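Read the structure below first, then the notes.
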Amino acid sequence: MIQVTQQIRSGWCVVYVKGRADGECADAFETVLRAAVEAHLKVVADFRDLEYISSAGIRAVLQAARAAQGRHIEFAVCSLGPKIQKVFDMSGLHHVLRIHGELPC
8 MIQVTQQIRS
18 GWCVVYVKGR
28 ADGECADAFE
38 TVLRAAVEAH
48 LKVVADFRDL
58 EYISSAGIRA
68 VLQAARAAQG
78 RHIEFAVCSL
88 GPKIQKVFDM
98 SGLHHVLRIH
108 GELPC
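So the sequence shown is numbered by my numbering: it starts at 8 and just counts up by one.
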């Protein structure tokens with residue numbers, strides 16, 4: 008199960024993600040991220056409370072990042088816990104996404 012909330016902070020749309028980003032919720036997760044990209048010039052997904060991410064969850068993040076790139080929107084992820092950081096490192100996402108240690112705003 009995943010919980011997603013949003014807040015505007017210093018010109019950034021911060022998408023707070025809590026729980027598990029897996030195949031069960033990946034489509035809804037992608038929809039939320041893409042809607043944020045369509046509505047704002049700067050979007051960051053805060054993963055500090057993300058416990059697990061599957062390949063479907065990674066796909067959702069990548070699809071949102073591609074949508075942002077196509078619209079020339081700044082998109083980043085931040086606050087990866089050790090387990091999530093390991094998944095991102097192993098899948099090479101650090102080469103594709105902007106990853107911040109903390110919120111950039």
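Backbone N, C-alpha and C fix where the C-beta goes; we use that ideal spot for every residue, glycine too. Treat the numbers as computed from the prediction; the structure is a model and nothing was measured.
Contact check, Arg41 vs Ala71 under 8 Å by CB: the rounded distance? Counting from 1 along the sequence shown, the entry for residue 41 is found at position 34. Counting from 1 along the sequence shown, the entry for residue 71 is found at position 64. Contact holds; Cβ gap of about 5 Å.
Hey, would you say Val21 sits closer than 7 Å to Val51, going by beta carbons? Your numbering for residue 21 matches position 14 in the sequence shown. Your numbering for residue 51 matches position 44 in the sequence shown. Taking 7 Å as the Cβ cut-off, Val21 and Val51 qualify as a contacting pair.
State the start and end residues of the unbroken alpha helix (DSSP H) segment that holds Gly77. As a position in the sequence shown, residue 77 is number 70, starting the count at 1. Note, Gly77: alpha helix (DSSP H), 62-77.
Using the C-alpha atoms, what's the distance from Tyr23 back to Leu110? Reading the sequence shown from its first residue, position 103 is the one you call residue 110. Reading the sequence shown from its first residue, position 16 is the one you call residue 23. Rounded to whole angstroms, the separation of the alpha carbons of Tyr23 and Leu110 is 11 Å.
Please name the residue in Ala74, Lys90, Lys25 whose C-alpha comes closest to that of His47. The residue labelled residue 47 in the question sits at position 40 within the sequence shown. Closest by alpha carbon: Ala74.
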